[in-house]
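Residue numbers (the UniProt record's numbering), protein chains in the order written: chain R, 1 to 231; chain Z, 1 to 231; chain C, 1 to 231; chain V, 1 to 231.
From the three backbone atoms N, C-alpha and C, an ideal C-beta is built for every residue, glycine too.
Protein chains: 4
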Amino acid sequence: MLQELKEKVFHANLELVKQGLVIYTWGNVSGIDREKGLIAIKPSGLDYDKMTADDMVVVDLEGNIVEGKLRPSSDTPTHLALYRAFPAIGGVVHTHSTYATAWSQAGLDIPNIGTTHADYFHKDIPCTADMTAEEVRGDYELETGNVIVRRFADIDPTATPAVLVKNHGPFTWGKDPADAVHNAVVLEQVAKMAFIARTINPALTMNPLLIEKHYNRKHGPGAYYGQGKQD
Amino acid sequence: MLQELKEKVFHANLELVKQGLVIYTWGNVSGIDREKGLIAIKPSGLDYDKMTADDMVVVDLEGNIVEGKLRPSSDTPTHLALYRAFPAIGGVVHTHSTYATAWSQAGLDIPNIGTTHADYFHKDIPCTADMTAEEVRGDYELETGNVIVRRFADIDPTATPAVLVKNHGPFTWGKDPADAVHNAVVLEQVAKMAFIARTINPALTMNPLLIEKHYNRKHGPGAYYGQGKQD
Amino acid sequence: MLQELKEKVFHANLELVKQGLVIYTWGNVSGIDREKGLIAIKPSGLDYDKMTADDMVVVDLEGNIVEGKLRPSSDTPTHLALYRAFPAIGGVVHTHSTYATAWSQAGLDIPNIGTTHADYFHKDIPCTADMTAEEVRGDYELETGNVIVRRFADIDPTATPAVLVKNHGPFTWGKDPADAVHNAVVLEQVAKMAFIARTINPALTMNPLLIEKHYNRKHGPGAYYGQGKQD
Amino acid sequence: MLQELKEKVFHANLELVKQGLVIYTWGNVSGIDREKGLIAIKPSGLDYDKMTADDMVVVDLEGNIVEGKLRPSSDTPTHLALYRAFPAIGGVVHTHSTYATAWSQAGLDIPNIGTTHADYFHKDIPCTADMTAEEVRGDYELETGNVIVRRFADIDPTATPAVLVKNHGPFTWGKDPADAVHNAVVLEQVAKMAFIARTINPALTMNPLLIEKHYNRKHGPGAYYGQGKQD
C-alpha cells in the first residue's frame, strides 16, 4: 500500500542526514497521497541506519494509523495540521538544523535580504507567536500546527514554504517530500547567511525591487530560470 | 575483569573522536560498575588510534588502580567525585568541544532557550564558580569535581546531565558511557545554537511553558516521546 | 568545436562543487576563446553529477547560441558584459558562497585587512550600488553586468578580480576558468576571515605599506613569490 | 643529506593540509639540524600533492642553498630569524589558518582565557607591532622575523610557542617540525574558542591561578600530565 510514497518519504528522510541537517534520530519527513487522503511518515525514535521504507507509518488526515508496526513520529499531528490547512503541499519536513533553529530561538523572522532568499521564499520567513498555556497543556503537537497555520493567515504558504516555530525549530514543505527537503537545505543556508550579514551590518537594507524580480523569474508566469532550479 | 564495561568505555571514547568533539588525545570517558564499585577509564596521553579495550584502566572509587598497565587519565579524580556524589549516573565524559568550552571561557551558564535544550537538560546548563587558591594548589582534579558537586546543590544531576567548569570545559554524564557521550554531542549542538541565537538577539526570551512540556513528554511519568529519543 | 575550452569550463564547474562553494545547481563558470570571440558556459539548471563537457553551451559575445542543445545559464548576459568590458580576462565565476554572499547582503565592501587579501585582490573588494527600477525591470542579467562594470570605473579589474553584487552574491574572474575558480575560493576565505576579524575588533586597522608590498611581490615587475602562488 | 630531517619536514607539511590549516600551496614548515646548522624547508609554490621529501630545500642559517633544485619558500628568511634567535626550537610553521589569521587581522593578542590555552601557550599569544616603512621596503621577510623576535624580548618562546604577525598571520614553533604543526593546530582551536567566548561575553575574566596550574602540571618540574599530552 502506497509503496511508492513510502519509498519517497524514506529516501527524503535519509537525505536529511546526508545534507547534515539532523543528528541522531532528530528530524522527520512525511508525504501525502492527496487522492487517497493518506500520509506516510517516519516512525518515532528509530535510528536512521536501521530504517527501511517498510518502516514508514501510514496515517489518515485525522491521525489514525492505517498501516505500520511502529508509532508514527510524535510530530505527526503538526504535519497533519499543515496538510489540512495547505491543500497545495505534498511533503513536510521538520528539523533542528543549526542556524534555522537559532533564529527560532532568537524569536525573529529571517529577513529577506538576498536574492537566494527571494528565489525560494519570496518574503521574510515568519517566526510564530509564543504558545499559550492552554495550547502547551492541550494537544501540544496539534496546537503547534495551529500556531503555524494562524501565522500564515496573510502569507501564501506556496510562495513562502517555511516557518520558524518560536523556541523550537523550522518546518518546511513543498510539492513532494524531496522538494520539502530541498527547501529545508536552502532555509538552513539562508539562515546562516542572514546571521553573518546581520552581524557584519545590523543596519543592512534590501532592495525591494529584487524581491519581486527574483521570485517572478523563477515562479512567475514568464519564468525563465533554470527549469525551476537556480544556476 | 569488567571486560564488558571496558569495551563500552573504549567504544565511547572512540565515539568522541568520530563525533568531532576531540582532537589529539583530548577528552576522556569512563563508566562504572555500581555493584563492584569499580570504574573503567581511558588511560592518560595515549593516541586514540593505538588504543584497545584492554588499555582501559580499572580503578576503585578512591582512585586505587585495580587493573591496567597504564596511568589512568589525569582527570580521574574529577570523574570519581561525580560518581560518589551522583549515585544514579553510570558514565562520565570530559571534552574540550569548541562551543561548550567557549561558554566555559565566557563564564556563563548556557541559557535554556530551545526545546532541544529542554528535552535533554531541563534547565540552564550551569557554569561553576571560580576555583580558589586553596583548591587550585591542593588536589586540583579532585577539587574540580568538588566545585561541580557544590554547583549542583540545588540542581538535579539526572535532569541536567552537564556542567561547564569555568575557564576549562564541559563534563557530561548519563546512565552509561554511551549515554554520557550522547549528552556531550547534544551539549555541543545546544551551545552552538545558543551562541548564534544570542548574537542575533541578545534580548531573546524563552517561553517557560515549553520547558516543562518538553522535559516531561520525554522524561515525565506519561512520557510518549520516541522511546527516550528525539524525532 | 572549442573542445578544449569546453573541457576546461566543465572541470572548473566541478571544482566549484569540490571546493564547497555551491550546493545543488547554484553557481556557474564560463571561459572565453578571445581569438574566436566565443564563450563556453554551464547550461541552466542541470545537476552537476549528470553534466558532461559536451553539455557546455557555446555563445558569442552578443549571447547568440553557436553550439549546444541546452539553454545557457541564466546569468550568461552578466558574464558577457564582463568579457566585453574587461578584455584581459579569460574566465568568469558566479557563486553564492556563504561568507562572500553575506557581505553582499550586508551591502559593504570587504575591507583589505590582511596580506592574503592584498596578495590576490590588491584593494577592498567592491560592493555594487543598488540597482534601479529601470535596471531590474529591464534586461536584468545584462544590467547586473553593467552595474559591475560601472563600479570598476576607477578600479583595475586585473588587480581586483572580484566583486560583490549587492543583495545578491559574488562574481570573480581570472586569466582562465581555473584561475577564476581559484579566486572564488580565496574570496570566500578572505570574506570569512574579515567577518571574524571585524567581529573581534570593529576598530581594526590595516598597515597600508603591506598592501603594496604584498601585491607587488606577487604581481609587480620584480615578482619573486611562488611562481604566482602563495607559500 | 639530512634525509631523515627532510622526511620529517615533508610529512609535517602534509599534516598541515590534513588538519585543514592550509588551502592550495599556502603555509610552510621547516626543521633544523642544530649540530650541522642546516635547515630543511618546503619549496616555493609547489602543489602539496606533487611534493616529495626530495623536494625539500636545504639551506644554512644565513639562507644559502646547500641542496635542492627548487627555490625555498619565500618565507625562509623569517624561519631563519626565528632559528637564530630561539636556540631551543627545532621546527617552525607558518599558516594562514582561519581564526588565528583573523586575530592577526584584528591586531589583538589572543587572550589566555582557558586551560587549553594555558596548557600549550602559558600566556596571551602576542600580536606584533605594525612594521615600519623601512622594514617593509627593506628585506621584508627577514624584518618580519625581526619584528617577531623583538616582540619576544620579555616572553619565553619555549613557553609561548606562537605569534601573530599583524595583518598577516600566525607562526608557531616547537621542538621539532611535528611539534610545531601540533602547536599550529592547537593555536587555531584556541583562536576559534576565544573568538566565540569574546562574542558571547566581552567582559569575560580568566582565573590567573589556573594559568600557572595548567602550565606547570604539563611542563613544570613535577609534570604529571599525559606524558606531555592532554587527556
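Whose Cβ in chain V lies nearer than 9 Å to the Cβ of Leu209 of chain C? Asp130, Met131, Thr132, Ala133, Glu135, Val136, Arg137
Name the DSSP beta bridge partners of Val93 of chain Z, please? Z:Val29, Z:Thr172
Beta carbon proximity, Leu61 of chain Z to chain R, threshold 7 Å: no
9 Å Cβ cut-off: residues of chain R touching Gly114 of chain Z: His96, Thr101, Ala102, Ser104, Gln105, Asn167, His168, Gly169
Proximity of Leu61 of chain R and Arg34 of chain R at Cβ, strictly below 7 Å: no
Does any residue of chain V have a CB that is nearer than 7 Å to the CB of Leu204 of chain C? yes
Distance, Gly138 of chain R Cα to Arg198 of chain V Cα: 41 Å
Contact check, Gly107 of chain V vs Leu204 of chain C under 8 Å by CB: the rounded distance? 6 Å
Range covered by the beta strand (DSSP E) that runs through Ile155 of chain V: Counting along the chain, Ile155 of chain V falls outside any beta strand (DSSP E), and DSSP gives it neither H nor E.
Does Leu21 of chain R get closer than 7 Å to chain Z when you measure Cβ to Cβ? no
With DSSP as the reference, identify every bridge partner of Ile65 of chain V, one or two as the case may be. V:Val59
Residues near Thr101 of chain R in its chain [Cβ-Cβ closer than 6 Å; skip 5 each side]: Gly169
Could you name the residues that DSSP lists as bridge partners for Ile211 of chain Z? Partner(s): none; Ile211 of chain Z has no beta bridge.
Is the CB-CB distance between Val181 of chain R and Ala12 of chain R below 7 Å? yes
Tell me, to the nearest whole angstrom, how far the beta carbon of Asn167 of chain C is from that of Gly220 of chain R; I am working on the premise that it is less than 8 Å. The pair is not a contact, with the Cβ atoms about 19 Å apart (cut-off 8 Å).
Sort out for me which residues DSSP pairs Ala12 of chain R with in a bridge. Its beta-bridge partners do not exist; DSSP assigns none.
Please report the residue range of the beta strand (DSSP E) in which Leu164 of chain V lies. 162-165
Assuming Leu38 of chain Z is part of the beta strand (DSSP E), what are its boundary residues? 38-41
Within this structure, are the beta carbons of Gly145 of chain R and Leu70 of chain R separated by less than 7 Å? no
Could you work out which residues of chain C lie near Thr199 of chain V, taking near to mean beta carbons separated by less than 7 Å? Thr199
Would you call Pro202 of chain R buried or exposed, if buried means 16 or more other Cβ atoms sit within 10 Å of its Cβ? exposed
Continuous alpha helix (DSSP H) stretch holding Asn183 of chain C: start and end: 177-200
Sequence-distant residues of the same chain with beta carbon closer than 6 Å to Ile110 of chain V, five excluded per side: Trp103, Ile125, Ala191, Ala194
Put Gly220 of chain Z into one of helix, strand or coil per three-state DSSP. coil
Let me make sure I understand the geometry here. Which of V:Lys36, V:Gly37, V:Pro43 has the alpha-carbon closest to that of Trp26 of chain V? V:Pro43
Outcome for Tyr215 of chain C when other beta-carbon atoms lying within 10 angstroms are tallied against a minimum of 16: buried
For the alpha helix (DSSP H) containing Val136 of chain R, name the first residue and the last one. 133-137
What's the C-alpha gap between Val66 of chain C and Ala88 of chain C? 23 Å
State buried or exposed for Met206 of chain R, treating a residue as buried only when at least 16 other CB atoms are found within 10 Å of its CB. buried
Thr203 of chain V - containing alpha helix (DSSP H), residue span: The question names Thr, yet the displayed sequence has Ala at residue 203 of chain V. Premise fails: Ala203 of chain V is in no alpha helix (DSSP H) and is neither H nor E.
Check distances from the C-beta atoms of the segment 173-186 of chain C to those of chain V and list, in chain order, the residues that come in under 9 Å. His182, Val185, Val186
Between Phe195 of chain C and chain R, is there a C-beta pair that is closer than 7 Å? yes
I'd like to know whether the C-beta of Tyr48 of chain Z is nearer than 7 Å to at least one C-beta of chain V. no
Gln105 of chain Z: first and last residue of the uninterrupted alpha helix (DSSP H) it sits in: 98-106
Determine which residues of the segment 138-166 of chain R have a Cβ less than 8 Å from any Cβ of chain Z, and write them out in chain order. Tyr140, Lys166
For Met172 of chain Z versus Ile148 of chain Z, is the C-beta spacing smaller than 7 Å? Inspection of the sequence shows that residue 172 of chain Z is occupied by Thr rather than by Met. No, these two residues do not count as a Cβ contact at 7 Å.
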